[in-house]
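Below you'll find the structure, written out as structure tokens, and then a few comments.
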Amino acid sequence: MKRRNFIKKASVTGLGLVAVSSAFTSCDETLEKKEASIVTSKPTTPLVIATWDTPLAVETAAKVLQNGGSALDAVEQGCRIEEANEEGQSVGKGGLPDREGDVTLDACIMNDKGDYGAVLGVKNIMHVISVARKVMEDTPHVMLVAEGAEKFAVSNGFKRENLLTAAAKKAWEAWKIKSEYKPIINIENHDTIGMLAIDKNGNISGACTTSGLAYKMAGRVGDSPIIGGGLFVDNEIGGASATGLGEEVLKTVGSFLIVELMRQGKSPQEACEIAIGRIVNKPGKDFKNFQVGYIAVNKQGETGAYSIHEWFSYNLFKDGDNKNIKSDYFNKV
Ligand code: SD4
369 MKRRNFIKKA SVTGLGLVAV SSAFTSCDET LEKKEASIVT SKPTTPLVIA
419 TWDTPLAVET AAKVLQNGGS ALDAVEQGCR IEEANEEGQS VGKGGLPDRE
469 GDVTLDACIM NDKGDYGAVL GVKNIMHVIS VARKVMEDTP HVMLVAEGAE
519 KFAVSNGFKR ENLLTAAAKK AWEAWKIKSE YKPIINIENH DTIGMLAIDK
569 NGNISGACTT SGLAYKMAGR VGDSPIIGGG LFVDNEIGGA SATGLGEEVL
619 KTVGSFLIVE LMRQGKSPQE ACEIAIGRIV NKPGKDFKNF QVGYIAVNKQ
669 GETGAYSIHE WFSYNLFKDG DNKNIKSDYF NKV
């Protein structure tokens, strides 16, 4: 039986979930015994894949690649589009604030050498993806948080500005009336952008940027800026990125898991499905009210995507075409 059909069938009963869980365990054990397969054939390039309905961001990244730019420049430029898009409620300007009304941004970037840079909980700076790149390239560190990150950004010429738009402020004020101090994770609507690109030299880079969960506790950080959580790239194997409830992604180190599964010979699609399985098959896990979605690409330019619930989509630029594609998903009952 094909893995996806097996997952579908097994998911309709509690017993099935146990079966899936043990199947994953034994599958992982077998995989670990396999030798790492490092792919050498050249992918079709340029290629860009990004979470959600992000056509302009992907087109921008693709143009960078078509003009001979690097995958790193492509993912940075692509993510900047969403950071500047005030309509997007979970990234950059226009992002929904924490429960105290502050918009705080998280971002990270990884290049094809395995270098990583991130900023966490940054206020007042729109293009945090570019600050993350500066951390990676111009400091001996990999992460800067809050005021330190903001100071670093300003000292590097980034402009301080108010990120709380009138629409986001209005939504926050409405939420406060009956907040019960619960963060919101709507399974249908997100726009955190995770992006992976392959350039003409076959090199892979990735980036991820978000304002995190709407009305999160002040100081809360999710998966998006954490290496191996919201993003992981290994230029010999491929890359992966996540969106959705960051706590669940972090607990399973989702993006790292996907890249390691691809290293062991799984396709990007299979790897994304196994990573979602790791979340939903935890004993007693109630996944009804939260979403997680993954995208992945391997060194050959094969892509994959999978989510817990319906409504996850991704934009893929491949063979000159930029398409929004609905992801397959786990919860079909
Ligand atoms: C987080 N993963 O902070 C992010 C949220 C997200 O679209 O993806 N929203 O947990």
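Numbering (this note's numbering), first residue to last: 369 to 701.
Cβ coordinates follow ideal geometry from the N, Cα and C atoms, glycine included.
Residue pairing for CYS447: DSSP places it in no beta bridge. Three or more pairs of CB atoms, one per stretch, sit closer than 8 Å, so the stretch 679-689 contacts the stretch 414-422. For the ligand SD4, a non-hydrogen atom lies closer than 7 Å to the CB of THR578. Setting aside the 5 residues that flank it on each side, HIS677 is surrounded in the same chain by ILE555, GLN659, TYR697 and ASN699, each with a C-beta closer than 6 Å to its C-beta; the list follows chain order. DSSP places MET563 within a strand segment (E or B) once states are collapsed to three. If you check the CB distance, GLU455 and MET494 do not come in under 8 Å. Within 7 Å of the C-beta of HIS558 there is at least one heavy atom belonging to the ligand SD4. For GLY606, the CB contacts under 7 Å within the same chain, skipping 5 residues up- and downstream, are ILE572, VAL627, MET630, PRO636, ALA664, VAL665, ASN666 and LYS667 in chain order. Taking 8 Å as the cut-off, the Cβ atoms of GLY661 and THR611 count as close.
Counting along the chain, GLY645 sits inside the alpha helix (DSSP H) bounded by residues 636-648. MET478 counts as buried, since at least 16 other C-beta atoms from the protein chains shown sit within 10 angstroms of its C-beta. When rounded, the separation of the alpha-carbon atoms in LYS546 and ILE561 is 29 Å. If you draw a 10 Å sphere on the C-beta of ASN530, you find fewer than 16 other C-beta atoms in it, and that means exposed. In this chain, VAL471 is not harboured by any beta strand (DSSP E), its DSSP state being neither H nor E.
Counted as a single uninterrupted DSSP element, the stretch harbouring VAL510 is not any beta strand (DSSP E), since DSSP gives it neither H nor E. If you check the C-beta of LEU531 against the ligand SD4, you find no heavy atom less than 7 Å away.
Put simply, the backbone Cα of VAL522 is about 7 Å away from that of ARG528.
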